[in-house]
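Below is one structure, written out as structure tokens; comments come after it.
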């Protein structure tokens, strides 16, 4: 995500012709955009990082929901692991 932020900031500075960024080569803007594209389209799906994070978050929400329902029923809370 930080690559995309860097690229957008560089793009804004170049298009606004602010300081030394006015003469900056377009490669300095294209490289972070290309790396962000590679990350989201190739590396992240290959490693499954987003999917792992989503599964972990879903499991945490489920555990919280189960604990909340147990408390409503007056049952003992599960021990936190």
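Numbering (our numbering), first residue to last: 393 to 473.
Built from N, CA and C at the ideal position, the CB exists for glycine as well.
With H, G and I counted as helix, E and B as strand and the rest as coil, what does DSSP make of residue i?
| i | result |
| --- | --- |
| residue 393 | coil |
| residue 442 | helix |
| residue 434 | helix |
| residue 420 | helix |
| residue 409 | coil |
| residue 460 | helix |
| residue 466 | coil |
Compute the distance between the beta-carbons of residue i and residue j, then report whether it is under 8 Å.
| i | j | result |
| --- | --- | --- |
| residue 428 | residue 396 | yes |
| residue 420 | residue 439 | no |
| residue 399 | residue 430 | no |
| residue 442 | residue 449 | no |
Between which residues of its own chain and residue i is the CB-CB distance below 6 Å, once the five residues before and five after are set aside?
| i | result |
| --- | --- |
| residue 404 | none |
Leaving out the 5 sequence neighbours to the left and right, which residues in its chain are closer than 8 Å to residue i when beta-carbon positions are compared?
| i | result |
| --- | --- |
| residue 413 | 402, 405 and 406 |
| residue 467 | none |
CB-CB under 7 Å to residue i, same chain, minus the five flanking residues each way: which ones, in chain order?
| i | result |
| --- | --- |
| residue 444 | none |
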